[in-house]
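First the structure, in the form of structure tokens, and then the observations on it.
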Amino acid sequence: MINQRSSLSIKQTSILEQLEVSKDARYDSASAYKVQRRGCTNDTRVGILQQIESWARSIQSPLESSFFWIYGLAGTGKSTIMQTACEILDAVGLLASSYFCSIQLDSKESKRIFPTIARHLARHNSMFAQHLAAKLLDDPECVHALLPVQFEELLCTPWRAALPDGKETFRCVVAIDALDECDLNHGDEVLRLILDAIKNNEPQGLKFLITSRPVPAIV
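Just so you know, we're using numbering that gives the first Met the number 0 here: the sequence shown kicks off at 0 and counts up by one.
Dropping the structure here:
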């Protein structure tokens, strides 16, 4: 993704600060040490990491290429793979947002997932930031809404408006790790919201890399 940062007005920046974000969620947060999260040992998991990078770079129809789901039981190395995948994707400019859920940190709170991702995207794309700020000015309470409303109002709607002439011009990855560690069992709901949106070709240009335990109804 091309970095489209530009200066926002003081008012827009202040409005974006209203988002209730998790400071523990990023893959490179200092909290990674607290929960002892580490990346893959050198020369391990090479196949899956190459597959993820290839997927992130690919340009295909959204339904085929906008969703990469790694699922498995606890202790199978999903977060280790995700940590290294984020490092790789960030280094090549493809990572727009990373959100690592953890029952030990505030990132376990499902209400913070979409606001945090939206804030990350705003740092990468100035047009998205402007449309997001406009939405928050018009409806500041949407940050406290139900997850489906947050997803639509904080991500899909401003992202759609940010696309030049409504056309996709770039691709970038949103990585969400350990959705099963969300509070109130909301991880499945987040997963379904993303899947349903992708089936409707939304949000164009965003790819979702997700890890969780298996969800029987989807698997």
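Glycine included, every Cβ here is placed at the ideal spot set by N, Cα and C.
For the putative contact between residue i and residue j, defined by C-beta atoms under 8 Å, what is the C-beta separation to the nearest angstrom?
i	j	result
ASP179	SER109	Contact doesn't hold; Cβ gap of about 11 Å is too wide.
GLY38	THR79	6 Å
CYS171	LEU205	7 Å
LYS77	ILE69	5 Å
LEU72	ARG212	6 Å
GLU201	CYS155	5 Å
SER64	SER57	5 Å
Would the beta-carbon of residue i fall within 8 Å of that of residue j?
i	j	result
CYS85	ALA177	no
LEU190	VAL214	yes
THR83	ARG44	yes
ASP138	GLU152	yes
GLU19	ARG111	yes
PHE66	LEU192	no
SER21	SER106	yes
PHE113	GLN149	yes
If you follow the alpha helix (DSSP H) that residue i is in, where does it begin and where does it stop?
i	result
LEU135	125-137
ILE87	77-90
LEU48	45-56
Just to confirm the assignment, what range does the beta strand (DSSP E) spanning residue i have?
i	result
TYR32	Premise fails: TYR32 lies in the alpha helix (DSSP H), 30-33, not in any beta strand (DSSP E).
ILE14	Taken as a continuous stretch (DSSP letters only), ILE14 belongs to no beta strand (DSSP E), being part of the alpha helix (DSSP H) at 9-15.
LEU18	Looking at the DSSP string, LEU18 is not in any beta strand (DSSP E), and its letter there is neither H nor E.
SER96	94-99
TYR70	66-70
Exercise for the section: Starting from the N-terminal side, write out each stretch of the beta strand (DSSP E) that is 3 residues or longer and does not extend beyond the segment 148-209. Expected result: 171-176
Practice task
Could you tell me whether the segment 154-164 touches the segment 130-144, where touching means 3 or more Cβ pairs closer than 8 Å?
Solution key: yes
Practice task
Flag this pair as touching only if the segment 117-131 and the segment 90-107 have three or more C-beta atom pairs under 8 Å; answer yes or no.
Solution key: yes
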